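*Asks:* Okay, handing you the structure first.
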Amino acid sequence: MSTTRLVLLAVLSVLALAGGGLVFTLNSMARVTFCLLVSLACVGGVVSVLGLPYLGVVIVLMMVMEMVIMAVFMIAYMMNPAGLMPMSMLHNKRGSLAVSAAVFAALVAGIFAVPWPERTGVRPKDSTFQIGVSLMGGQMLTMVTLGFVLLATMVGATVLATHRGRYDRFGDDLDQRPADDPAGGGVGR
Numbered sequence: 031m032s033t034t035r036l037v038l039l040a041v042l043s044v045l046a047l048a049g050g051g052l053v054f055t056l057n058s059m060a061r062v063t064f065c066l067l068v069s070l071a072c073v074g075g076v077v078s079v080l081g082l083p084y085l086g087v088v089i090v091l092m093m094v095m096e097m098v099i100m101a102v103f104m105i106a107y108m109m110n111p112a113g114l115m116p117m118s119m120l121h122n123k124r125g126s127l128a129v130s131a132a133v134f135a136a137l138v139a140g141i142f143a144v145p146w147p148e149r150t151g152v153r154p155k156d157s158t159f160q161i162g163v164s165l166m167g168g169q170m171l172t173m174v175t176l177g178f179v180l181l182a183t184m185v186g187a188t189v190l191a192t193h194r195g196r197y198d199r200f201g202d203d204l205d206q207r208p209a210d211d212p213a214g215g216g217v218g219r
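For reference, each letter of the sequence shown is one residue, going 31 to 219 in this note's numbering.
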């Protein structure tokens, strides 16, 4: 691994740990959400640096969407104003500290106690393809086809759900100027 990748791995790892630590020290749900987002995005970066860019990008995309949706719903629906009122993310502090310390110690002991397998064969050129084959097996074509069908279904449902098309605001002959914009500024119908 090159020096640049090692430095990037170290920086992303420290940022992921710092973001995770801030989750338990900040006192606002909105701030905690964005710290968790930074932490998980850095984890996606670590996975990418370790040679699995597809999984890294998927992790980042999933976490960004999940955390943004969580922040929007918290700000919109929480009892306190915008999830910004002081609160604590720690409940049963002694018990949770004991459980987390025991789990951490068990995981670290497992790292050193488990006999790690040696690599057999050569590393594949395309790790994304290898992961796809490992996950999907003989169903890869089915899943790719299903992905296109689902995309076409979403686009079709969106098109059918809109009551007007892209050019309806210009009239039947596309000559209406200024355009009839629902946002304002155009002539009314």
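Where a beta carbon is used, it is the ideal one built from N, C-alpha and C, also for glycine.
Predicted model, so just to flag it, every value in this text is computed and none were measured.
Going by other Cβ atoms of all chains shown within 10 Å of its Cβ, with 16 needed for buried, is Met-92 buried or exposed?
*Replies:* With fewer than 16 Cβ atoms within 10 Å of its Cβ, Met-92 is classed as exposed.
*Asks:* For a test of the three-state rule: what should DSSP assign to Glu-148, helix, strand or coil?
*Replies:* Three-state DSSP puts Glu-148 in coil, outside helix and strand.
*Asks:* If we count Cβ pairs, one from each stretch, closer than 8 Å, do we get three or more for the region 77-86 versus the region 48-62?
*Replies:* Counting Cβ pairs under 8 Å, fewer than three are found: no touch.
*Asks:* Give me the Cα-Cα distance between Gly-86 and Asp-203, rounded to the nearest whole angstrom.
*Replies:* Each residue's Cα considered, the two are about 48 Å apart.
*Asks:* Would you give the residue range spanned by the alpha helix (DSSP H) that Leu-52 belongs to?
*Replies:* First-last of the alpha helix (DSSP H) with Leu-52: 33-53.
*Asks:* Enumerate in chain order the residues of its own chain whose CB-to-CB distance from Thr-34 is below 7 Å, with the five nearest sequence positions on each side excluded.
*Replies:* Cβ neighbours of Thr-34 beyond the five flanking positions: none.
*Asks:* How would you call Ser-130, buried or exposed, if buried means at least 16 neighbouring beta carbons within 10 angstroms?
*Replies:* When all chains shown are included, Ser-130 counts as exposed.
*Asks:* Alpha carbon to alpha carbon, how far is Ser-164 from Arg-207?
*Replies:* Answer to the nearest angstrom: the Cα atoms are 57 Å apart.
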